Structure formats: C-alpha cells, structure tokens
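Data first, discussion second: the structure below is written as structure tokens.
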Amino acid sequence: GQNIDQPTEMTATEGAIVQINCTYQTSGFNGLFWYQQHAGEAPTFLSYNVLDGLEEKGRFSSFLSRSKGYSYLLLKELQMKDSASYLCAVCTGGGNKLTFGTGTQLKVEL
Amino acid sequence: EPEVTQTPSHQVTQMGQEVILRCVPISNHLYFYWYRQILGQKVEFLVSFYNNEISEKSEIFDDQFSVERPDGSNFTLKIRSTKLEDSAMYFCASSLDGGGETQYFGPGTRLLVL
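The listed protein sequences correspond, in order, to chains A and B. When we follow my numbering, the leftmost residue of the first sequence carries the number 1, and every step to the right adds one. When we follow my numbering, the leftmost residue of the second sequence carries the number 111, and every step to the right adds one.
This is the structure in structure tokens:
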C-alpha cells in the first residue's frame, strides 16, 4: 500500500522561510509532486522531483531523497498569500496515479 | 494559458439519482483523471483514462462509477445511484502523457447528495 505523512499544520512569519516535510512509503515511484491548495479551490502544481536533489523555482524549492523516502518543500520570503494547504503527492503505476498526503495547512502571520 | 474546465460547479441531487460530471481536459493532453475530496479530507484518486480505456482505478471506483470520453473534447464521470457518502468535491485532471507528467486540475464540481 501507499503511505504518505506530512505535518498537519505549521505557522510562520511573513518574510521568513518555512520547510514542509513529507515522508512516503510506496510501491513503485514515478516522481513526487507538491501542490498548493487554497480552501475550496483546486490543487495547483508547484514542483516535481523524480531524481534525488534540489529543484528550485523562484521562491519555492523542493528536495527529494528516494533512498530515505523523504521530500521537503521550502518556501522563502513568505507572503500572506502563501497561507494555504500544501499537498505532497507520489505518482505511481502505469496509470500515473497520484496518492496524496493529508496536506500541511500553512498559516503566515504578520 | 490552457486550463481544465469542469461543469457544473455545484450539483445537488437526491440519494439514488444518477449524476454526470463533465470535464474538458487541456486540448493536447492524452491522460485524464478523476479525483475526489471529501470535505476536510485528503484528495483521493478515483480513475485514470488513456487511449479510450481505463488505465487504473481505485477501490472507491466501484460499479456505480463509470467514465467516458464521448467526443474529442469532453471527459465525463457518471455516478449511477448516488449515496450520501458520495458528497464531495470532484476534480478532473489531465496530463500531457503518463510516467510522471504533471497533472493539471480543474476547478472541481461540488456534489451534495441529500
């Protein structure tokens, strides 16, 4: 089966840096995705890792260690609009299925 | 920028009724998906679809569910006889290809079964 764990909630200050961790145990691996989801809205794509290492994309970076079954999303220069749920999802199988974690609700405060 | 679109945005139905949720994937994408999210819970995979057939389905996707690509642009999810527990947000997604290609999600249809 698939198991994905991430913290339920985090709080950070505007302008700061926050790291959201995700650990996973899956059978098969086609890559790991991070999505952002505001309440009542669709998940929107943030980043994708399939090889070990760091992928940087503006204020967002994501890291993957396949041997450890571990990823993190790093958000820099936090803005109030970054308050949202951050979803870790692992892609597996020929059907390209995404298995999501429960999401980490990030609250950015002044 | 191309987007996945879904209709309707909200649907209210009586238990036991059939509903059809509609999606228009991004035009050059080849893989299509349905996911659902019960209020306050995580996003769950229902089914993936490629080359006019189901590639993979979850345990949730039982005989009450079916998918269809009736023409070159639409992708539908039918629930034959709705149950109270089918109340959720249903997201359609599409990707250019399989093998870890990014899936882009539509805005969702909020289904309420009474």
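Note that the Cβ used here is the ideal one computed from N, Cα and C, for glycine as well. For clarity, every value in this text was computed on a predicted model and none was experimentally measured.
- Counted as a single uninterrupted DSSP element, the stretch harbouring histidine 139(B) is not any beta strand (DSSP E), since DSSP gives it neither H nor E.
- The beta strand (DSSP E) runs lying completely inside the stretch 29 to 91 of chain A and spanning 3 residues or more are 31 to 37, 44 to 49, 53 to 57, 60 to 65, 70 to 75, given in chain order.
- Short of 6 Å from the beta carbon of glutamine 19(A), and not among the five residues preceding or following it, lie these beta carbons of its own chain, in chain order: Tyr72, Leu74.
- At a Cβ-Cβ threshold of 7 Å, glutamate 128(B) and arginine 190(B) count as neighbours.
- The Cβ atoms of leucine 98(A) and alanine 89(A) lie closer than 7 Å to each other.
- Threonine 192(B) is positioned such that its CB atom lies closer than 7 Å to that of methionine 125(B).
- Per DSSP, reduced to three states, the secondary structure at glutamate 195(B) is helical.
- Between the stretch 39 to 50 of chain A and the stretch 5 to 13 of chain A there are fewer than three C-beta pairs closer than 8 Å, too few to call the two in contact.
- No Cβ of chain B is located within less than 7 Å of the beta carbon of alanine 84(A).
- Taken through DSSP and simplified to helix, strand or coil, glutamate 178(B) comes out as strand.
- Counting only runs of 3+ residues, the beta strand (DSSP E) found wholly inside the stretch 200 to 224 of chain B occupies 219 to 223, in chain order.
- For the stretch 207 to 221 of chain B, the set of residues with a beta-carbon nearer than 8 Å to any beta-carbon of chain A comprises Gly208, Gly209, Gly210, Glu211, Thr212, Gln213, Tyr214, Phe215, Gly216, Pro217, Gly218, in chain order.
- For the pair cysteine 91(A) and asparagine 3(A), the CB atoms are not nearer than the 7 Å cut-off.
- For aspartate 172(B), the secondary structure class from DSSP, reduced to helix, strand or coil, is coil.
- Here serine 205(B) really is in contact with histidine 139(B); their C-beta atoms are around 6 Å apart, less than 8 Å.
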